[in-house]
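Participant: This structure is in C-alpha cells; I'll ask about it shortly.
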Amino acid sequence: MTWLTEPFRHEFMQRALFGCVLIGFTNGCLSAFIVLRRLALMADALSHSLLPGLAIGIILFGLTPSSLFFGALVAALLVALGAELISRSSRVKEDTSLGILYTVAFSLGIVLLSFAKVRIELNHYLFGNILGLANADLWIIFGISSTILPLLVILQRPLLLTLFDSTVAASQGVRVGALSYLLLSMLVLSMISSLQAVGVVLALGLLTAPAATVYLFSDSFPALFWGGGILGMAGSSLGLFISYWLNLPSGACIVLVLGFAFCAAYLFSPRYGVLTKYFRRRHFHEQSLARWNRKIAPPAESPAGQAE
Amino acid sequence: MANHRLQIKDLTVSYHRIPAIHHVNFEAACGNCVALLGPNGAGKTTLLKAIVGLIPPETGSVTFHSSAMRASAADIAYLPQRSTIDWDFPITVRGMVETGCYLRLGLWRFFRKEDQERVDSALETMHLRDLADRQISALSGGQQQRAFLARALAQDAHVFLLDEPFAGLDKSSQESLGQTMRQLAGKENLVIASHHDLKTVPELFDHVLFLNGELIAFGKTEEVFTNANIAGTFDTEIFSGSVHDVAH
Numbered sequence: 000m001t002w003l004t005e006p007f008r009h010e011f012m013q014r015a016l017f018g019c020v021l022i023g024f025t026n027g028c029l030s031a032f033i034v035l036r037r038l039a040l041m042a043d044a045l046s047h048s049l050l051p052g053l054a055i056g057i058i059l060f061g062l063t064p065s066s067l068f069f070g071a072l073v074a075a076l077l078v079a080l081g082a083e084l085i086s087r088s089s090r091v092k093e094d095t096s097l098g099i100l101y102t103v104a105f106s107l108g109i110v111l112l113s114f115a116k117v118r119i120e121l122n123h124y125l126f127g128n129i130l131g132l133a134n135a136d137l138w139i140i141f142g143i144s145s146t147i148l149p150l151l152v153i154l155q156r157p158l159l160l161t162l163f164d165s166t167v168a169a170s171q172g173v174r175v176g177a178l179s180y181l182l183l184s185m186l187v188l189s190m191i192s193s194l195q196a197v198g199v200v201l202a203l204g205l206l207t208a209p210a211a212t213v214y215l216f217s218d219s220f221p222a223l224f225w226g227g228g229i230l231g232m233a234g235s236s237l238g239l240f241i242s243y244w245l246n247l248p249s250g251a252c253i254v255l256v257l258g259f260a261f262c263a264a265y266l267f268s269p270r271y272g273v274l275t276k277y278f279r280r281r282h283f284h285e286q287s288l289a290r291w292n293r294k295i296a297p298p299a300e301s302p303a304g305q306a307e
Numbered sequence: 000m001a002n003h004r005l006q007i008k009d010l011t012v013s014y015h016r017i018p019a020i021h022h023v024n025f026e027a028a029c030g031n032c033v034a035l036l037g038p039n040g041a042g043k044t045t046l047l048k049a050i051v052g053l054i055p056p057e058t059g060s061v062t063f064h065s066s067a068m069r070a071s072a073a074d075i076a077y078l079p080q081r082s083t084i085d086w087d088f089p090i091t092v093r094g095m096v097e098t099g100c101y102l103r104l105g106l107w108r109f110f111r112k113e114d115q116e117r118v119d120s121a122l123e124t125m126h127l128r129d130l131a132d133r134q135i136s137a138l139s140g141g142q143q144q145r146a147f148l149a150r151a152l153a154q155d156a157h158v159f160l161l162d163e164p165f166a167g168l169d170k171s172s173q174e175s176l177g178q179t180m181r182q183l184a185g186k187e188n189l190v191i192a193s194h195h196d197l198k199t200v201p202e203l204f205d206h207v208l209f210l211n212g213e214l215i216a217f218g219k220t221e222e223v224f225t226n227a228n229i230a231g232t233f234d235t236e237i238f239s240g241s242v243h244d245v246a247h
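Structure follows, in C-alpha cells:
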C-alpha cells in the first residue's frame, strides 16, 4: 500500500489532491448543464477570454492569487455578458458575437502580457500546474465550490425546466433570462477555479467530459448531475496519481483519464454505446425474423413455391 | 369549478412595434374544445403565448376565473410545438410528467404521496402507464403529445393551450388525440388548439376561432365554421368539397 500513501508524504501532493477533489466535483456537476445546454463552445471561448484579465490583474496589482482571480473574473464576465447583450439586442447571433469578443480579448491579453513587468510563464496559465497550488489558491477554489454547488442544488428544478423547454418554463413563471445569466456566471467562476489545475486550454475537458460520459449511460438528470460530479472527482484524482507515478504533466493526465472514460462509454455503454448497438440483435423477436426470412425466400412446399 | 371562464379583452401584441394580433376579444368557458384557425403568420402562436403570459400584451387583458392570468400560472398549461423540444434530453416519460408538479412544490418540498398519485393518474388517463419508464424519444408522435398532456394534468391545469398538436401525426394518432382532447373538455377543462387541417375541424372541435391578425369570427362550430368565414380568414377559397357536407 505504500505506493498509494507514499505521495502524501509531500505537502504539495496533499494540497493538490484536495484541489482536485473540489475542482473535479464542482466542474463535473456543472458539466451536466454545459452538455444539455450545448454551451461547450461558449465555455471554450470564455476560458480564452480569461487571459487579458490575468494580464491586467498582474499589471495593476502584481502576481498574487487575488489579483489573478478578480482580473480573470471581470474579463470573462465582460465577454460572456457582452456576447449575450449583443445577441439579444441585435440580429447578430450569440456564437458570432462571442467569437469576435473572445478572440479580441485573447489578443488583448497577449499584447498586455508583454507589458507586464514580472516575468510570466505563459505555459503555467495555458496548461495549469496543480502541484504549485498555494493555500490562497485553495481558499479561492473552496470558496467557488461552496458558492456554486449549493446554488445548483437549490435551483435544480427551475434549471431543469429551463434546460428541457425554456418556453414552458417561462410560462410557469420561471425567470429564464436571469437563470441563464446565473449559469454563465457560475461557468466563469468554475473555470477560474480550474485555471490552476488544468489551465485555460484544458479547462473545457473538466467541464464537458464527466457529464458527457454519464449521458451515454443514463436517462436520468440527477444521475447526470451527481454522476458527473463523482466522475469528475475520481477522474481528476486518478489523473493526479498517474502524473505523480509517471512524472507527467498533471493537467494533461487529468484530461486524458476523463477522455479515456468518455471513449469507453462511447464504445461500450450498454444503452447508447456504438459497438454495443452494432452487435445487438437487430430484431427483438425471433418470430419476426423468421417471418421476414419466409417472405424473401418462401419454403419449397408452399403454393408460391410450386407455381414457380 | 364548473364554468370557469377565460376572458380575453382588447388584446394587442406587437413584435418590434408591428402588431401581430390586435384588439382581440373573446370569452370561452371550460368544457369546450376550441380550434384556432388561420393562415401562417396569422398570429395563432402569438395569441397562445400572450394568453399564457410569455409575451407581454400592449393593450388589453387576459383573465381566468376573473383573476389576472399571471397570478394563476398553475391553471394554464402551454404545450409547445413538438419540433422545439430536444428529444435526446435525459428524462423519462414519468420524469417529464413529474416536472408538472414543480410549480406547486416550489424549490424545496419533496414529492409527497398525493403528488405521486397525481402523476400516476395523469399517466393512466393518457394511457402511458406501460411507457412511463421509457426515454422520451422512444415514443411515437402521438404518444409524445399525450405525454405533454399528462404533464399538464399533473400540473392540475384547467386550460390547455396546444400549438399545432396534430402536426405530423398519422390518421389513427390524430383520432386518439382528438378523443383525448374531448375527454379533457368533458372533465370541465378548456382546450384551445391551433390547427391546420380544415377537414377535421367539425369532428374534433365544438368551437372555432378564426384569426388573421384580428379576430374574424368566434363561436360554435356549427354556426361559425362556414365558407364565408373560411374565405374571409384565408382570403382565397382553398377549401374543396367536403365543407358542404358539414357546414352550411
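Line order of the protein sequences matches chains A and B.
Going left to right, the first sequence walks through residues 0 to 307 as numbering that gives the first Met the number 0 numbers them.
Going left to right, the second sequence walks through residues 0 to 247 as numbering that gives the first Met the number 0 numbers them.
Every residue, glycine too, gets a C-beta built ideally from N, C-alpha and C.
Everything numeric in this text was worked out from a predicted model, so none of it was measured.
Kindly give me the distance between the Cβ atoms of A/G391 and A/L53, rounded to whole angstroms, as I take these residues to be in contact under 8 angstroms.
Facilitator: This structure gives no information on residue 391 of chain A, because the portion of chain A shown stretches from 0 to 307.
Participant: Helix, strand or coil: which one does DSSP assign to A/V91?
Facilitator: coil
Participant: Would you kindly check if the distance between the Cβ of B/A72 and the Cβ of B/L53 is under 8 angstroms?
Facilitator: no
Participant: Where does B/N24 sit, in a helix, a strand or coil, going by DSSP?
Facilitator: strand
Participant: Could you please give the first and the last residue of the uninterrupted alpha helix (DSSP H) stretch that includes B/N228?
Facilitator: N226 to F233
Participant: B/T83 touches chain A at which residues, Cβ-Cβ below 8 angstroms?
Facilitator: Among the residues of chain A, those whose CB is under 8 angstroms from the CB of B/T83 are D164 and T166, following chain order.
Participant: Looking at the C-beta of A/Y214, does it have a partner C-beta in chain B at a distance below 8 angstroms?
Facilitator: Yes, A/Y214 lies at the interface with chain B (some Cβ there is under 8 angstroms from its Cβ).
Participant: For the candidate residues A/S30, A/G131 and A/I55, whose alpha-carbon lies nearest to that of A/L239?
Facilitator: A/G131
Participant: Using DSSP bridges, identify the partner residues of B/E213.
Facilitator: B/N211
Participant: With DSSP as the reference, label B/F109 as helix, strand or coil.
Facilitator: coil
Participant: If you draw a straight line from the C-alpha of B/H15 to the C-alpha of B/D74, how long is it?
Facilitator: When rounded, the distance between both Cα atoms is 30 angstroms.
Participant: Closer than 8 angstroms by beta-carbon distance: list the chain A residues that pair up with B/A72, in chain order.
Facilitator: S170, Q171 and G172
Participant: Under 8 angstroms, do A/I140 and A/G18 count as touching if we go by C-beta distance?
Facilitator: yes
Participant: Give the single residue among A/P209, A/M232 and A/A133 whose Cα lies nearest to the Cα of A/L223.
Facilitator: A/P209
Participant: Name, please, each residue of chain B whose Cβ falls closer than 9 angstroms to the Cβ of A/I295.
Facilitator: Within chain B, no residue comes near A/I295; the closest Cβ sits about 27 angstroms away, beyond 9 angstroms.
Participant: For B/K43, count neighbouring Cβ atoms within 10 angstroms of its own Cβ and tell me buried if that reaches 16, exposed if not.
Facilitator: buried
Participant: Inspect the CB distances between the stretch 242 to 259 of chain A and the stretch 127 to 143 of chain B and report whether three or more fall short of 8 angstroms.
Facilitator: With a cut-off of 8 angstroms on Cβ pairs, the stretch 242 to 259 of chain A is not in contact with the stretch 127 to 143 of chain B, counting fewer than three such pairs.
Participant: Is there a Cβ of chain B sitting closer than 8 angstroms to that of A/D218, yes or no?
Facilitator: yes
Participant: Could you check if A/C262 is buried or exposed, using at least 16 other CB atoms within 10 Å of its CB as the buried criterion?
Facilitator: It is exposed - the Cβ of A/C262 has fewer than 16 other Cβ atoms within 10 Å.
Participant: Under the three-state reduction of DSSP, which class applies to B/K186: helix, strand or coil?
Facilitator: coil
Participant: Looking only at C-alpha atoms, which of A/S217, A/L215, A/R293 and A/L206 sits nearest to A/M232?
Facilitator: Comparing Cα-Cα distances from A/M232 to each of A/S217, A/L215, A/R293 and A/L206, the minimum goes to A/L206.
Participant: Below 7 angstroms on C-beta distance, what does B/V51 contact in chain A?
Facilitator: S170
Participant: Would you call the stretch 189 to 198 of chain B and the stretch 108 to 124 of chain B touching, i.e. three or more CB-CB distances under 8 angstroms?
Facilitator: No, the stretch 189 to 198 of chain B is not in contact with the stretch 108 to 124 of chain B.
Participant: Could you run through the stretch 98 to 117 of chain B and flag, in chain order, every residue whose CB is less than 7 angstroms away from some CB of chain A?
Facilitator: T98, Y101, L102 and L106
Participant: If we ignore side chains and look at the alpha-carbon of each, how far apart do B/G37 and B/L161 end up?
Facilitator: 15 angstroms
Participant: Going along chain A, which residues have a C-beta under 7 angstroms from B/Q178?
Facilitator: Neighbours of B/Q178 on chain A: none; closest Cβ ~24 angstroms, over 7 angstroms.
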